[in-house]
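Have a look at the structure below before the remarks.
In mature numbering (1 follows the signal peptide of the UniProt record, and there is no 0), the protein residues as written are -23 to -1, 1 to 365.
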């Protein structure tokens, strides 16, 4: 990666955020649409739908897998509809945002090869599954956030894990590709080409909507503070977090991460975990429980126990969040950022290197063990450099 691209990557996390993100929250730099979205809003409810993912591993082919996914979307709509009716009757405010768990329609790929899983289970950006999700959002009259594996015609034979938000209009208003994954290709693995096609706004997208500025964090990325900070410095107020994780009555690393990302970025975190994984060799409840909503001060507002449930719901008060962000105080962590301090370090350092899947300007398709080998090589280099 040449110096310009390395500086651009650092920019994504540090220096450019100082000029392009905090500045965007200033009134003089906002578009009229941005200003409209920053006016006083009415409180609404959000819900983290804790539902069981359903593996497509046993589906005979693409056709059977697609039929299973479309049928499941219908089931999801029924569950969201009944949950939102109860929540409004119980708490009084309408539900305007529902977050679904990670890889809900397919479960994870396991040892299926990347091209085979892409063919069998990955969604197309204009495919029937997104059309069905859009129709569901229209009928429910709410925003739906979720997570799925997705193919991109610009990057054949691989897939990305994508977090998305579908608006009540039926349109996909946010498409975020997971940036840090242990077992799947990411935009960072094809960084130079990805930037050429989508630019930095396509790497850290923020959807400015009538229910707030939404950004997505995928699964274990909640443990990486730079991702949430990059979103926040681009104006994000609500992090939608689709996850599939081990639940526990003890604090898990992800639980700590959810509270930390909310508090340090003065943002809501709406985190939906799976209620187990059906059709997998794993015991059903291996990834179950602890869906939660965390407010902008890092306080857990609601949290689910195990099983399929909607009990992680809470009111979202954007007016209070915005007043807090605009108030001079020791606790205004966004306004106290000094990003130039870190730009050089991020710009000069390279840990896991970008463009690992680009060879002679072509995208190479990795085998399943590629990612572990890459991490082993990274650790060896860090030892050699005296970093660990």
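Think of the CB as a built atom: it goes at the ideal place given N, C-alpha and C, for glycine as much as any other residue.
Local Cβ density within 10 Å of residue i, reported as buried at 16 or more and exposed below that
i: residue 74; result: buried
i: residue 130; result: exposed
i: residue 84; result: buried
i: residue 188; result: buried
i: residue 360; result: exposed
i: residue 119; result: buried
i: residue 337; result: exposed
i: residue 368; result: Absent from the model: residue 368. The displayed extent of the chain is -23 to 365, so no value can be given.
i: residue 318; result: exposed
i: residue 145; result: buried
i: residue 94; result: buried
i: residue 352; result: exposed
i: residue 333; result: buried
Contact check, residue i vs residue j, beta carbons under 8 angstroms
i: residue 24; j: residue 289; result: yes
i: residue 88; j: residue 345; result: yes
i: residue 185; j: residue 147; result: no
i: residue 387; j: residue 237; result: The requested residue 387 does not occur in the structure, where the chain is confined to residues -23 to 365.
i: residue 257; j: residue 27; result: no
i: residue 44; j: residue 78; result: no
i: residue 42; j: residue 109; result: no
i: residue 223; j: residue 32; result: no
i: residue 180; j: residue 164; result: yes
i: residue 225; j: residue 235; result: no
i: residue 342; j: residue 174; result: no
Start and end residues, beta strand (DSSP E) containing residue i
i: residue 292; result: 286 to 293
i: residue 74; result: 72 to 76
i: residue 23; result: 21 to 27
Extent of the continuous alpha helix (DSSP H) run through residue i
i: residue 317; result: 317 to 325
i: residue 62; result: 39 to 68
i: residue 186; result: Counting along the chain, residue 186 falls outside any alpha helix (DSSP H), though it belongs to the beta strand (DSSP E) covering 184 to 186.
i: residue 353; result: 347 to 361
i: residue 108; result: 105 to 117
Determine, using beta-carbon pairs with one atom in the region 189 to 201 and one in the region 214 to 234, whether at least three such pairs fall under 8 angstroms.
yes
Looking at C-beta atoms only, is the number of pairs between the region 57 to 67 and the region 122 to 129 that lie closer than 8 angstroms three or more?
no
What runs of the beta strand (DSSP E), each 3 residues or longer, lie entirely inside the region 119 to 176?
120 to 127, 137 to 143 and 149 to 154
Examine the Cβ distances between the region 114 to 121 and the region 155 to 164 and report whether three or more of them are shorter than 8 angstroms.
no
Quick check: the region 316 to 336 against the region 228 to 243, are at least 3 beta-carbon pairs closer than 8 angstroms?
no
For the region 281 to 298 against the region 196 to 207, are there 3 or more C-beta pairs whose distance is under 8 angstroms?
no
Under 8 angstroms, with one C-beta from each stretch per pair, do the region 262 to 274 and the region 45 to 53 reach the 3-pair mark?
no
List in chain order: all unbroken beta strand (DSSP E) runs of 3+ residues lying wholly within the region 188 to 221.
189 to 195 and 215 to 219
In chain order, each beta strand (DSSP E) run of at least 3 residues that lies wholly inside the region 213 to 271
215 to 219, 245 to 249 and 269 to 271
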